[in-house]
Structure formats: structure tokens, C-alpha cells
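Its first residue numbered 168, the sequence shown is counted upward by one per residue in this note's numbering.
Even for Gly, the Cβ is constructed at its ideal location relative to N, Cα and C.
Report on the structure given below.
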Amino acid sequence: MDITFGKYKGKLLEYVMIAKPDYISWLLKANASNKAMILLQAEAKSLVKIFDGKPFINKCQAHGRCTNPVTRCTVYEGNPTPYWWCADCDPHQHGAIVGKLKSVSKYREAISKAHLSFIDNLTDRTTIIRSFARAKGFPDGNVTAKRAQKFFESEAD
168 MDITFGKYKG KLLEYVMIAK PDYISWLLKA NASNKAMILL QAEAKSLVKI FDGKPFINKC
228 QAHGRCTNPV TRCTVYEGNP TPYWWCADCD PHQHGAIVGK LKSVSKYREA ISKAHLSFID
288 NLTDRTTIIR SFARAKGFPD GNVTAKRAQK FFESEAD
């Protein structure tokens, strides 16, 4: 769906979901003031469901000992690089300091300033979303409108 107003007018919403998650964070919280915005919010919510419904394709990173499928990532204070974990492994058993680590399993958690309060940098939030998308099958390389559209179209992966 093309965005028909504002900062990203003419851009594909699927692209903005991955390339500009700050806009999606704003959009999902905004008080819709017109029909175009109401439709865009509804489509963004639909894309969030598709994103969250995609399975992770990588394996747990518990020091190379676990090969279970990933169910979530953790982000450490001051480091936007996600680490991937299965449901059975506890990152705190691998040296993480309590209170400095947040677990993320959904798109909205990854873009939420409240959830990831120690990540204030927009670049860091974009890094997290792009890593999340790649862990769900988004191809390596640049984020393009065509790649984003294909990622969201292949819902049943």
C-alpha cells in the first residue's frame, strides 16, 4: 500500500515498516484524523500481524550449544545488536546482568520506547527491526520496496 500523505508520501508502507520503524511507531499511536490515515493505520496493524506471524529461521545463540529454533531476541543496554534465544535457554545464565537486558518477540516491542527504554537512538531501533526482519527471512542487503513487499506477501513462509 502506498502512503498518500505526509513525510513518506509515495513510499510503500511495507518498505517503511522495515526501513523507517520510527514512523510506524508514530502511526500506530497517532489519533487518526482522516480516512487516509485510518486506512493506513489499519494496514500497518495488518502488516504487524503478518510480521509477528512469520517464524524465526535462525537457531538459538546459547554459546553454540543449542540448536533449538529461536522464539525471541534480547537486547542489552547500550548495544542494539539482538541476540537470539529459544524458549528453553536463559540469557542470564550466560552472563547478562539483570535489569540491563530486554526480551523482544514482537514488532511493537521492538519499536516501543517504553519497552526498550534504554534504546533512545533511532538508528538503534532501525537496527533492531532490520535484524528482526532478517531473522524472519528478509534477505541480506539493502532494504528496498520490492524486497519489503515480497517479504510481507510471502505470509505463509
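In this structure, F223 keeps its C-beta atom at 8 Å or more from the C-beta atom of T241.
DSSP places K269 within a strand segment (E or B) once states are collapsed to three. Put simply, of M168, V271, H259, A197 the residue whose alpha carbon is nearest the alpha carbon of S298 is V271. Inside the region 177–249, DSSP marks whole beta strand (DSSP E) runs of 3 or more residues at positions 239–243, from first to last along the chain. Put simply, the region 169–176 does not touch the region 208–224. Fewer than three CB pairs are less than 8 Å apart. Within the same chain, and ignoring the five residues on either side of K269 in sequence, the residues whose Cβ sits closer than 6 Å to its Cβ are V242, L283. Distance between C233 and K226, taken at the CA atoms: about 8 Å. Beta-bridge analysis with DSSP links D169 to L179.
By a beta-carbon distance limit of 8 Å, I217 contacts F319. Their separation comes to about 5 Å.
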